[in-house]
Amino acid sequence: MAKEYETVIGLEVHVELATKTKIFCGCSTAFGGAPNTHTCPVCTGMPGSLPVLNKQVVEYAMAVGLATNCDITQNCKFDRKNYFYPDNPQNYQISQLYLPICRNGHVDIETESGVKKAVRIHEIHMEEDAGKLVHDEWEDASLVDYNRSGVPLIEIVSEPDMRSAEEVIAYLEKLRQTIQYLGASDCKLQEGSMRADVNLSVREVGTEKFGTRTEMKNLNSFRAIQHAIEGEKNRQIDLIEEGKAVVQETRRWDDNKAESYPMRSKEDAQDYRYFPDPDLVPIHISDEWIERVKAAQPEMAPEKKIRYKEEFDLPDYDIGIITGTKQMADIFEETTAICGNPKKVSNWLMGETLRLMKETGTDPEDLSFSPKHLADLIAMVDKKEINSSVAKEVFEKIFAEDIDPVAYVDEKGLKTVNDEGALRKTIEEIVAANPQSVADFKGGKEKAIGFLVGQTMKAMKGKADPGSVNEILREVLAQQ
Amino acid sequence: MANVISDETIEYVGILAKLELNDEEKEQAKKDLAEMLDYIDELGELDTTGVEPMSHVFPVNNVFREDVVTNGDDSENILKNAPGEKDNMFLVPKTFD
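Those protein sequences? They're chains A and B, same order as listed. Read in order, the letters of the first sequence are residues 0 to 479 in numbering that gives the first Met the number 0. Read in order, the letters of the second sequence are residues 0 to 96 in numbering that gives the first Met the number 0.
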């Protein structure tokens, strides 16, 4: 009988914090500046420069820790992790080993197939990001941009509590949602503001002891994470089945080739010689400070779900999607506050917005239209100033370019023609020009009226209210 | 001297610190390191029960900056410290991941 295996997975998740400045200096963290334009002696590791801690980094780290049920380490400090690499100009990274700011937390997850469990968090620590290395093809050299050097990170280390790719995705989505709600990071995997390293081992079902684990890096999408987990699980099982040993090592996942390869061998295993950083004084976090951060926590998704159900009476599925990301929930709440019609706002989000997001490959956190414009559009439809097909067309413009719908409709002349005389005249012409359809309708073919409505809309260039067209058309037909 | 530093240890420390020592320097380093460890061992003679580990000698904590941008583009000066420069970046020997 074939042996049954279980996958054991723990995650190290790096999150770039949404501060304006770096962790130890007043350089900007803005993404995409020209190389080295956001650097100073501190973040390029010049001798004699001294780091000073950004208070907002501590507050964001505490906020994430409290939202993931961690204990806050009230006496914490920074340590140096020593290694030589050109992206690290100090030859050490300032991190936390001995007293990380948060410990012993957990995140409750629910997978698509309905598995509910708590994933324990071992610790969350604060550290600085490294610079970016670019390989120069012309000069057989490497180029370094230190703009990212010193950007604040938190590393969230889970316990090995996950057993499948599905659980890993659920955990990451929950973390991302929580951190986005807190405003502590935008958590974009593609841009690297959220990065996951996967520690994975396999063991026979029923075994207590963990197998030898490998660590996988370079996973920059949920899809890559899923593929890498499946690939690594199968690689390890094959080795065991062949009677070979799994080697503890760091592997790099290549999503194009769908395979991983070892990054560095065991021989030059890292010895980081951590020690307390003498340039940075300890951090004492008082009970009052913790209470202040707690009190400032925003309403999170689970509480929002309950409130939406009571306040807006929307279907559970819709509430799940809307509260799924902070951006969606913010747009929903702000639009509803302006137009006072939660059902209609929800319909626009669940219908056209989701459709356009899918078509254009837009993530919810990248939604950029203003609630005021959606509210104005809803008001125009309510007042029958535009019909629903024009509204959809205008919404595409709002979604893509955040245009002002009132000005746009005016400018393009898209307003519904409410001149009943002109409409009646057009309808009479259509009726006169289509005797066959009129005869069909008279003969009991209710469907024939649809064709006449369509012809009228076409003649009106889409700028008529279908309800009025229908009404007048029936009157005209009755007189035939 | 109670502590003895082996040849393997001094080789390994040299690799970690990226230092190349000749035989004479190695012997000196072994002696120096052993003396330092002996000195540290004296601390072991003290009873430190109930004493919190200390990471800093000054009675100062919570030194923070507010999250305000204070530095502008100083790349011209910063790049003067680079071993080489190209496209506003530090040019360094080829390095692989």
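By construction, the Cβ of each residue, glycine as well, lies at the ideal position given by its N, Cα and C atoms.
Here's the rule I'm using: 16 or more other beta-carbon atoms within 10 Å means buried, otherwise exposed. How should residue i be labelled?
| i | result |
| --- | --- |
| Ala117(A) | exposed |
| Glu410(A) | exposed |
| Arg272(A) | exposed |
| Arg291(A) | exposed |
| Trp252(A) | buried |
| Met379(A) | buried |
| Ala477(A) | exposed |
| Ser387(A) | exposed |
| Met53(B) | exposed |
| Thr206(A) | exposed |
| Gln435(A) | exposed |
| Ile39(B) | exposed |
| His283(A) | exposed |
| Arg250(A) | buried |
| Glu122(A) | buried |
| Tyr84(A) | exposed |
| Glu92(B) | For clarity, residue 92(B) is Pro in the given sequence; the question names Glu instead. Pro92(B) is exposed by the Cβ-count criterion. |
| Gly182(A) | exposed |
| Glu166(A) | buried |
| Asp237(A) | exposed |
State the beta-bridge partners of residue i as determined by DSSP.
| i | result |
| --- | --- |
| Leu132(A) | Val143(A) |
| Pro261(A) | Arg250(A) |
| Ile120(A) | Gly104(A), Ser157(A) |
| Arg79(A) | Ile93(A), Phe274(A) |
| Thr213(A) | Leu199(A) |
| Lys85(B) | Met88(B) |
| Asp286(A) | BP columns for Asp286(A) are empty, so no partner. |
| Asp70(A) | Arg102(A) |
| Leu152(A) | Glu15(A), Glu126(A) |
| Phe398(A) | Paired residues: none, contrary to the question. |
Measuring CA to CA, which of the options is closest to residue i?
| i | options | result |
| --- | --- | --- |
| Leu32(B) | Glu84(B), Leu45(B), Asp6(B) | Asp6(B) |
| Val62(B) | Ala62(A), Pro50(A), Ala66(A) | Pro50(A) |
| Lys30(B) | Asp46(B), Val50(B), Asn2(B) | Asn2(B) |
| Lys216(A) | Glu207(A), Leu199(A), Gly210(A) | Leu199(A) |
| Glu298(A) | Gln454(A), Val114(A), Asn90(A), Gln176(A) | Gln176(A) |
| Glu126(A) | Gln92(A), Lys396(A), Ala33(A) | Gln92(A) |
| His105(A) | Gly113(A), Cys75(A), Val63(A), Thr455(A) | Val63(A) |
| Gln73(A) | Val57(A), Ser369(A), Val393(A) | Val57(A) |
| Glu65(B) | Arg212(A), Phe23(A), Ser388(A) | Phe23(A) |
| Arg202(A) | Glu231(A), Thr6(A), Glu240(A) | Thr6(A) |
| Lys42(A) | Val280(A), Cys101(A), Ala129(A), Asp315(A) | The question names Lys, but residue 42(A) is Cys in the sequence shown. Measuring from the Cα of Cys42(A), the nearest candidate turns out to be Ala129(A). |
| Glu3(A) | Glu332(A), Ile239(A), Lys391(A), Asp418(A) | Ile239(A) |
| Arg119(A) | Glu190(A), Asp418(A), Leu181(A), Leu171(A) | Leu171(A) |
| Asp276(A) | His55(B), Glu84(B), Leu90(B), Val68(B) | His55(B) |
| Asp464(A) | Glu474(A), Val452(A), Val475(A), Arg473(A) | Val452(A) |
| Ala81(B) | Lys76(A), Tyr145(A), Gly113(A) | Tyr145(A) |
Counting only C-beta atoms, is residue i closer than 8 Å to chain B at any point?
| i | result |
| --- | --- |
| Lys76(A) | yes |
| Ser163(A) | no |
| Ala463(A) | no |
| Ser192(A) | no |
| Asp494(A) | Given that chain A is displayed from residue 0 to residue 479, the structure contains no residue 494(A) and the question cannot be resolved. |
| Pro255(A) | A small correction: the amino acid at residue 255(A) is Asn; Pro does not occupy that position in the sequence shown. Chain B contact via Cβ: absent. |
| Met45(A) | yes |
| Ile289(A) | no |
| Asp135(A) | yes |
| Leu132(A) | yes |
| Ile282(A) | yes |
| Ser27(A) | yes |
| Thr72(A) | no |
| Phe30(A) | no |
| Ala458(A) | no |
| Arg250(A) | no |
| Gln55(A) | yes |
| Thr110(A) | no |
Give a yes or no on whether the minimum CB-CB distance between residue i and chain A is below 8 Å.
| i | result |
| --- | --- |
| Glu72(B) | First, the amino acid is wrong: residue 72(B) is Asp here, not Glu. It does: the Cβ of Asp72(B) has a partner Cβ on chain A nearer than 8 Å. |
| Leu36(B) | no |
| Lys17(B) | yes |
| Asp66(B) | yes |
| Val50(B) | no |
| Asn61(B) | yes |
| Ser5(B) | no |
Kindly examine the ligand ZN and report whether one of its heavy atoms sits closer than 7 Å to the Cβ of residue i.
| i | result |
| --- | --- |
| Leu353(A) | As presented, the structure is devoid of all ligands, the ligand ZN included, so that no description of it is given. |
Take every Cβ of the stretch 426 to 440 of chain A, pair it with every Cβ of the stretch 341 to 348 of chain A, and state whether three or more of those distances are shorter than 8 Å.
Counting Cβ pairs under 8 Å, fewer than three are found: no touch.
Can you list, in chain order, the residues of the stretch 70 to 94 of chain B whose Cβ is nearer than 7 Å to any Cβ on chain C?
No chain C is part of this structure, whose protein chains are labelled A and B.
If contact is defined by three or more beta carbon pairs under 8 Å, each pair taking one atom from either stretch, is the stretch 330 to 345 of chain A in contact with the stretch 365 to 385 of chain A?
Taking 8 Å as the limit for Cβ pairs, the verdict is that the stretch 330 to 345 of chain A does touch the stretch 365 to 385 of chain A.
Any chance the stretch 25 to 32 of chain A sits against the stretch 35 to 53 of chain B, with 3 or more Cβ pairs inside 8 Å?
Flag = no, the stretch 25 to 32 of chain A and the stretch 35 to 53 of chain B do not touch.
Count the CB pairs spanning the stretch 107 to 115 of chain A and the stretch 139 to 146 of chain A that are closer than 8 Å, and state whether there are at least three.
Contact between the stretch 107 to 115 of chain A and the stretch 139 to 146 of chain A is absent, with fewer than three C-beta pairs closer than 8 Å.
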